[in-house]
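In what follows, a single structure is set out as C-alpha cells and then discussed.
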Amino acid sequence: MRINQRNEALKISTHIDYIQILFQDQFTVQTKQKNYYQDWYNDFGLLGVNFSKFNHEILFAVVDQDRFNSFLKSIENFILKESNEKPNVYYEGKVKFIKEFKLLTTSDIIKLKETCQLTNLRLIDFPLDRQAADDILTKLKNYFFDKNLNHRLSETSNNLEIFNASIFQIEEITKNFDIVLSVTSSLSTVIGPSLLNTVERKYGFEISNADEELPIIGILDTGISKSTPLASIIINDDSFNLTKTSPFIDNANAGDGHGTSVAALAAFGRKPYAIGYRGAISADAKLLSIKIMDANTGYLSENEILTLLNRAKAKYPNIKLFVLTTCYRDHKLLNEDYSTYAFELDKFAHQNDILIFICTANNNDSANHHSYDLSYFFNEFTNLCSPSESMNNVIVGAAADNLRNEPMQGISFGKEFPALYTRKSHIDLSDLFP
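Under my numbering, read the sequence shown as residues 1 to 434, first letter to last.
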C-alpha cells in the first residue's frame with residue numbers, strides 16, 4: 001500500500017487510495033434510464049477521476065472504505081462462484097464488466113527517466129467533494145515553500161510545473177501527496193538537423209513581394225535569423241521570447257539554425273525547391289518569430305507556451321496559423337492518455353479559430369535500420385511525442401520523398417511511404433476493440 005511509503009514527519013493526515021480498472025468494453029457513464037457512474041459511487045464508494053483509452057480504463061478514487069470493502073467482497077465472491085467453489089454466494093453483477101484492475105502505485109505515477117530542470121505534475125481533478133484534494137494541495141504548497149521549490153499551477157489544465165526538484169523530492173511528493181496522477185519531464189527537442197532543407201548561407205534568392213499585405217504565421221521555434229533574405233518578411237517584434245537571445249538569431253544546430261528553415265518552408269511552401277532557391281521568390285506569408293528555445297534541446301513550460309500563443313493572438317488578432325516543431329523527447333505509450341499540453345493547444349485552437357501545425361518529432365532510432373519494413377512501425381518507440389497527439393490541429397510527419405525535382409533515392413517501397421525517422425499515432429483501436 002502507498003500509505004506505508006509515507007514520510008510521517010510531513011504530517012499529512014489526508015490519504016486517498018486509487019484503483020485503476022480496465023473494462024471489457026467502453027464504460028457508459030450515463031443513459032436516459034441509468035447513471036452508471038453514480039452506481040459505482042453508491043455501491044462501491046468509487047469516484048471516477050480520470051478516463052482514458054476511450055473510456056475503457058478509469059482511475060477511481062476510493063472515497064468510502066466501507067463501500068469499497070463490498071467491491072472487494074464482490075470480486076472475491078465472483079471468483080468463488082464462477083470457480084464452483086461456493087456456487088451460492090452473491091456478487092454484484094457489475095464486476096463481470098471488469099477485465100482487470102490494480103491499485104495505483106508510485107511507479108505508475110512517476111514516468112521520469114532522470115532528474116530534470118522542469119517537471120510536470122498532472123494533478124487529479126475531483127468532480128465532486130474537493131475538500132480532501134484541497135487539503136492535500138495546501139499541504140503541497142507548504143512543502144514547496146519549505147523546500148524552496150519554485151512552482152506554477154495552471155488552474156485550467158491542473159498541470160503543476162516544478163523547477164529544479166531532485167528525484168528524491170519528486171518521489172517524496174508522489175508518495176505523500178495523493179493528488180498526483182502523473183510525473184513527466186518537459187525536456188523538448190526540435191525535429192532534428194535538416195541538411196536538405198536548411199537555407200544556405202550563400203543566398204541566391206530574394207523575396208519579390210515583401211511590401212505586400214500578407215497573412216501572418218507564428219513560428220514557435222529557435223528563432224528566425226535576420227541574416228537571411230527572410231528578414232524582409234519578419235515582423236519587427238521581439239516581445240515573444242522565452243530565451244536570453246534575440247528572436248532574430250537562430251543558434252540551433254551549431255549555428256546552422258532550425259527555426260529559420262521551418263520559417264522558410266512556412267512562408268514559401270514548395271516553390272523554392274523547383275528553382276533551387278534562386279532568383280525572385282514570392283512569399284505567401286509574413287513571419288512572427290516566437291522564440292521558445294535557443295538550442296536543439298531544452299525544458300519548455302506548457303504554461304509559458306500558452307501565454308505566448310494567447311499574447312500573439314491578442315496582439316495580432318488576424319493571425320490564423322502557427323507552426324510548432326518542438327516536441328517532448330519521450331514518445332507516447334500505446335493508447336496513453338492525452339497530455340494536458342495537447343489538450344490546452346486543442347482548446348486554444350478551438351477558442352481562437354486557428355490552426356497549429358505540429359510535428360510528430362523525429363525518431364533517431366531509425367539510424368540503426370538499413371532496410372525498409374513497414375512492420376517497424378509496430379514498435380512502440382515509433383509512437384509520436386507530445387503534444388502531437390493534439391486532435392484540433394494539423395500533425396505533420398514525413399514521407400520518404402523530398403521536395404526536389406529529382407528521381408527518388410531511398411530504401412522505401414515508394415515516395416509516398418513514411419520515412420523511417422517519422423512517427424505514428426500512439427492510438428491502436430484494435431487493442432481496445434478486438
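A virtual CB, placed ideally from N, CA and C, is assigned to each residue, including glycine.
- Annotation for Tyr41: no beta strand (DSSP E) segment contains it, though the alpha helix (DSSP H) segment containing it runs Tyr36 to Phe44.
- The beta carbons of Leu432 and Phe54 sit closer together than 7 Å.
- Cβ neighbours of Leu112 within its own chain (closer than 8 Å, five residues either side excluded): Thr119, Ile167, Ile170, Val183, Thr184 and Ser185.
- It is roughly 10 Å from the alpha-carbon of Asp135 to the alpha-carbon of Phe177.
- Closest option to Phe413, judged by alpha-carbon separation, among Tyr372, Phe145 and Ser386: Tyr372.
- A direct Cα-to-Cα measurement between Arg152 and Thr307 gives close to 13 Å.
- Comparing alpha carbon positions, the residue from Arg122, Thr174, Leu72 and Glu389 closest to Ile12 is Thr174.
- The beta carbons of Val49 and Ile110 sit no closer together than 7 Å.
- One alpha carbon belongs to Lys271, the other to Tyr37, and they sit about 55 Å apart.
- The Cβ atoms of Ala165 and Thr14 do not sit closer than 7 Å to each other.
- Collapsing the DSSP output to three states places Asp134 in a helix.
- A direct Cα-Cα distance of roughly 24 Å separates Ile427 from Leu103.
- The region 335-343 makes contact with the region 387-402; the number of CB pairs closer than 8 Å reaches 3 or more.
- Taking the CA atoms as reference points, Ala349 sits about 7 Å from Asn393.
- Taking Glu213 as reference, the option from Thr189, Ala264 and Leu287 with the minimal CA-CA separation is Leu287.
- A Cβ-Cβ separation of about 4 Å places Asn77 in contact with Tyr91 under the 8 Å criterion.
- Put simply, of Asp353, Leu242 and Gly45 the residue whose alpha carbon is nearest the alpha carbon of Gly298 is Leu242.
- Collapsing the DSSP output to three states places Ile58 in a strand.
- If you check the CB distance, Thr222 and Ala252 come in under 7 Å.
- Remark: C-beta atoms of Thr245 and Asp294 approach each other more closely than 7 Å.
- According to DSSP, Glu206 shares a beta bridge with Ala280.
- Of the candidates Tyr341, Asn364, Asn368 and Asn362, the residue whose Cα lies closest to the Cα of Ile356 is Tyr341.
- Remark: C-beta atoms of Ile354 and Lys315 do not approach each other more closely than 7 Å.
- For Gly257, there is no enclosing beta strand (DSSP E), since its DSSP letter is neither H nor E.
- Arg152 sits in a strand when the DSSP states are folded into three classes.
- Relative to the Cα of Asn296, the nearest Cα in the group His258, Ile179 and Val396 belongs to His258.
- Contact between the region 71-90 and the region 138-148 is absent, with fewer than three C-beta pairs closer than 8 Å.
- Under the DSSP assignment, Ile290 falls outside any alpha helix (DSSP H), being part of the beta strand (DSSP E) whose first and last residues are Lys286 to Lys291.
- Between Ala266 and Ser208, the C-beta gap is not smaller than 7 Å, which leaves the two residues out of contact.
- Taking Ser282 as the centre and dropping the five residues before and after it, the same chain places the C-beta of Ser208 and Asn209 closer than 7 Å to its C-beta, in chain order.
- Within the model, the alpha-carbon separation for Pro229 versus Phe248 is close to 12 Å.
- Within the model, the alpha-carbon separation for Ala9 versus His56 is close to 39 Å.
- Shortest Cα-Cα distance from Ser227 to any of Pro434, Ser261 and Asn159 involves Ser261.
- DSSP places Leu374 within a helical segment (H, G or I) once states are collapsed to three.
- For the pair Val89 and Asp43, the Cα-to-Cα distance works out to about 18 Å.
- By the Cβ-count criterion, Leu72 is exposed, with fewer than 16 other Cβ atoms from all chains shown falling within 10 Å of its own Cβ.
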